[in-house]
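Student: Below is a structure I'd like to ask you about.
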Amino acid sequence: MRIRKRISRIATVTTTAVTLVGGLVASPASAGSTKGLEFQDIPCNSLQGSGTYSDPLRLGSVGRPIFLSECPPLRSGVGYNVRYFSFEYEQNPSQDSFAGTFYMVSGTGASGVHPRMSLNGVTMRHSLDAKFTRLGDLEGFAHATAGLPAEGTWRLGAEKLSSPLGSLVTEEFNVVIVP
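The numbering of the sequence shown is the working numbering, which starts it at 144 and goes up by one.
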């Protein structure tokens, strides 16, 4: 199955090449503490909620790496260019923790999906501050979450920005959370 192959590649790349530290892509040497990650694969359409701000798609308690697969594309227009996910951390995020939105590298020209993060309704990470990141055959944008508090309800907003390509629709995307 295509999704399993992606998860395997993410785990491999995360353990050998890519880790976000302080919002920057780090060298392979600093990625050692993520070695051996196993991702819980959750199809996006299996989550409860509508994906709106007041009724986000609910992940519940996150204590291990999560891979939300096959989230439907975001479209330009009111109410269709943002999808929200809510979750709680089981413990404080680790030094190598991150959360982001990723899509298959395809060259179709569709614009990326940018994540923003809020805690109990207060924005902690803006979508334009997310760092471009590659994870195997996936690319996207992510925020380092080390040092952020675990208490409370986190909301990750997956946002379609009009720049840089001004497309009307994004590609199908995935959400990756490494606590």
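Cβ coordinates follow ideal geometry from the N, Cα and C atoms, glycine included.
Take L299 as the anchor and find which of F182, E181, P199 has the nearest alpha-carbon.
Tutor: P199
Student: From the DSSP output, read off the bridge partner residues of H286.
Tutor: Answer by DSSP bridge pairing, in chain order: A242.
Student: Report yes or no: do the segment 181-199 and the segment 281-295 share at least 3 C-beta pairs separated by less than 8 Å?
Tutor: no
Student: Answer yes or no: do L190 and V318 have a C-beta to C-beta separation smaller than 7 Å?
Tutor: Taking 7 Å as the Cβ cut-off, L190 and V318 do not qualify as a contacting pair.
Student: Cα separation between A289 and I320?
Tutor: 12 Å
Student: I'd like to check one pair, H269 with R277: are the Cβ atoms closer than 7 Å?
Tutor: no
Student: So, Y227 versus E314, is the Cβ gap smaller than 7 Å?
Tutor: With respect to E314, Y227 sits apart: the two C-beta atoms are not nearer than 7 Å.
Student: Give a yes or no on whether the minimum CB-CB distance between T195 and chain B is below 7 Å.
Tutor: In the displayed structure, chain B is absent; only one protein chain is listed.
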